[in-house]
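Let me begin by presenting the structure, written as structure tokens, before commenting on it.
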Amino acid sequence: MSVVEGARVDAGAGEGGEAEGPVRLDGRLKLVLVVLLVAQFMLAVDFSILNVALPVIGDGLGFSLSNLQWIATSFALCAAGFTLLFGRVADLFGRRRLFLVGLAVLGLSSLAGGLATSPEMLIAARVFQGLATAAVTPAGLSLLTTSFPEGPLRQKALGLNGALMSAGFTTGAILGGVLTDLLSWRWAFFINVPVALAVLFIAPTVIKESRPQSRPKLDVPGATAVTLGLLALIYGLTQAGEHGWGSGSALGWLAAGVVLLVAFYAIEAKSSAPLVPVSVLKKKTVAWGNIAGLIAFLTETSLVFLMTLYLQEVLDFSPLTAGLSFGVLGVGTVIGGSIAPRVIGATSTRATLVIGGVLQAVATLSLVALGETSASMWLLLVATFAGGIGNMLVIVGFMVTATTGLPDHEQGMATGLATMTQQVGITMGTPIMSAVAAANADIHAGITTAVIVNTAIVVAGILTTVLFLRNKAARTPAAG
27 MSVVEGARVD AGAGEGGEAE GPVRLDGRLK LVLVVLLVAQ FMLAVDFSIL NVALPVIGDG
87 LGFSLSNLQW IATSFALCAA GFTLLFGRVA DLFGRRRLFL VGLAVLGLSS LAGGLATSPE
147 MLIAARVFQG LATAAVTPAG LSLLTTSFPE GPLRQKALGL NGALMSAGFT TGAILGGVLT
207 DLLSWRWAFF INVPVALAVL FIAPTVIKES RPQSRPKLDV PGATAVTLGL LALIYGLTQA
267 GEHGWGSGSA LGWLAAGVVL LVAFYAIEAK SSAPLVPVSV LKKKTVAWGN IAGLIAFLTE
327 TSLVFLMTLY LQEVLDFSPL TAGLSFGVLG VGTVIGGSIA PRVIGATSTR ATLVIGGVLQ
387 AVATLSLVAL GETSASMWLL LVATFAGGIG NMLVIVGFMV TATTGLPDHE QGMATGLATM
447 TQQVGITMGT PIMSAVAAAN ADIHAGITTA VIVNTAIVVA GILTTVLFLR NKAARTPAAG
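Under this note's numbering, the first residue of the sequence shown carries the number 27, and numbering increases by one thereafter.
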């Protein structure tokens, strides 16, 4: 049962079960929501805030060109590799405890990153930022889902969360350029410190601890296999983006990741206290919901990368101007997250996934018409705005689908899976699209080809939802 004051949820509610809880947001629940959303927004900003600043950081600290990518890779490896483990740790040892510890680590590592005087110090700070993200994101999401019962309130909370996550990714790109140009790249780290301190100050007064009455053993073999498997997979993807998909190193690491993840499934099938029960992995809402989410994050974040290339390499925009151009995408995602609960209530999560996917696919495909002059900017702005709305419908639909029909004591695990999906999707997208775009000597033609591939992946996500997500849990109570 959720122990966040003001919100009681039936821990035994499963598929078809009715959850009891508040039907309106009171003052305390609103404060809980604000605290959790601010933390998630800050984490989303962290994913992209350094992208524009990387060359400046490299010059300032003496990074070689070949090692510059480790500023992003070290963060992504930890954020994606440890998220499922920390999601389960939150269930077992306390969600609020892990949430607060993770925020403290994030604040300290951000301070260290801003004060870094060497590449080694900066990379260490990025590693701890990634670990903190892997802890705070699933813990915060599980506090969110257990604070609000299945139905309109949870849909509204997840809709706002999804909108702010995507808006945070866009804001990071803009904010990184502004801070780097006006102040210093170090402020891309320092900005986290006061936000983390504010959340750490307020959160203990409004969020109470949440943990199961009986504490099962942690599945160490399963945790080891999935963590190493994800680390190998993500590292293999970064190697593929850097050296190409035919690289022996990339293929070796990707193969190792697949083998370890298969081993993880086998371990879970036999474990008496699995990290993720196989019965949960077999749920259509969990399995196909997470696939839809993986595709949503993979395609939209990589599209931002492609359009950044287009704006800077084809139209010759400055990094700051390119970043500001994505403001309309941010507005689209906020609108998409705001209307998603109503769309879900009027139809179903499955229909929302399809509607959002179709809108995103049409908007993305229209970008093949981009020309080589600034006259094409109107098309880019309209398409990214519409695509942002569609993508956010999919993301909110994915979060509702992937966490529906599970009791409270499994919400950390469910949100850990969903967070892992998010991190892996974000990390996979750029190497894949980078490799596609680089296969053509002409950068404009390469970007056009990558846009077509991106659209095809979105369509594949629509088809998997239509064909395989046929479950009564795909329809949720109408939002009122």
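Glycine included, C-beta positions come from ideal geometry on N, C-alpha and C.
By the Cβ neighbour-count rule, Ile200 is buried, with 16 or more other Cβ atoms within 10 Å of its own. Phe112 sits in a helix when the DSSP states are folded into three classes.
If you check the CB distance, Leu129 and Val162 come in under 8 Å. Sequence-distant Cβ neighbours of Asp207 in its own chain, meaning closer than 6 Å and more than five residues away, are Leu346.
Ranked by Cα distance from Leu391, the options Leu62, Ile478, Gly88 and Gly139 are led by Ile478. Distances from the alpha-carbon of Lys182 to those of Gly472, Gly487, Ala444 and Leu419 put Leu419 closest.
The beta carbon of Val394 sits closer than 6 Å to those of Thr474 and Val477, all from its chain and outside the five residues before and after it, given in chain order. Asp468 sits exposed, since fewer than 16 C-beta atoms from the chains shown fall within 10 Å of its C-beta. Non-local C-beta neighbours of Gly262 in its own chain, meaning closer than 7 Å and more than five positions away in sequence, comprise Ala276, Trp279, Leu280 and Gly283, ordered along the chain. Taking a cut-off of 8 Å on C-beta distances, the region 306-321 does not touch the region 241-260, as fewer than three cross pairs fall below it. Inclusion of Ile483 and Thr325 in the CB contact set at 8 Å is warranted, their separation being smaller than that value. Taking 8 Å as the cut-off, the beta carbon of Leu169 is found closer than this to the beta carbon of Phe125. Contiguous alpha helix (DSSP H) elements confined to the region 353-420 occur at 353-372 and 375-391, taking only those with 4 or more residues.
Residue state for Arg212 is assigned as coil, using DSSP reduced to three classes. Counting only residues of its own chain and dropping the five nearest sequence neighbours on each side, Leu184 has a CB closer than 6 Å to the CB of Val422, Met425 and Val426.
Asn218: member of the alpha helix (DSSP H) spanning Asn218 to Val232, first to last residue. Distance between Leu405 and Val354, taken at the CA atoms: about 12 Å. Under the Cβ criterion (8 Å, minimum of three pairs), the region 450-457 does not count as touching the region 112-119.
Sequence-distant partners of Leu301 (beyond 5 residues in either direction) whose C-beta falls short of 6 Å from its own C-beta, in its chain, are Arg114, Asp245, Gly248 and Ala249. Spatial neighbours of Ser74 in its own chain (CB-CB distance under 6 Å, excluding positions within 5 residues in sequence) are listed in chain order as Phe195, Gly198 and Ala199. Less than 8 Å divides the Cβ of Thr491 from the Cβ of Gly383. Here DSSP, grouped into helix, strand and coil, assigns Gly270 to coil.
In terms of Cα proximity to Ala366, the closest of Gln338, Ala401, Ser351 and Asn417 is Asn417. For Pro145, the enclosing alpha helix (DSSP H) begins and ends at Pro145 to Ser173.
A distance of 8 Å or more separates the beta carbons of Ile361 and Val369.
Taking a C-beta distance under 8 Å as the contact criterion, Val60 and Ser100 do not qualify as a contact pair. Taking C-beta separations shorter than 6 Å and ignoring five residues to either side along the sequence, the partners of Phe89 in its chain run Pro145, following chain order. Taking the Cα of Met403 as reference, the smallest distance to any Cα among Leu495, Gln449 and Met333 is reached at Met333. A straight line joining the alpha-carbon of Met147 with that of Ile83 spans about 13 Å.
For Ala444, the closest of Gly272, Phe227, Leu493 and Thr171 by C-alpha to C-alpha distance is Thr171.
In this structure, the alpha-carbon of Ala389 lies about 38 Å from that of Pro220. Taking a contact as a CB-CB distance under 8 Å, the pair Leu63 and Leu190 counts as one, their CB atoms being some 5 Å apart. Straight across, the Cα-Cα distance linking Ala428 with Val306 is about 10 Å.
DSSP places Ser460 within a helical segment (H, G or I) once states are collapsed to three. For Lys309, there is no enclosing alpha helix (DSSP H), since its DSSP letter is neither H nor E. For a cut-off of 8 Å, the C-beta gap from Ala102 to Leu76 is around 11 Å, too long to register as a contact.
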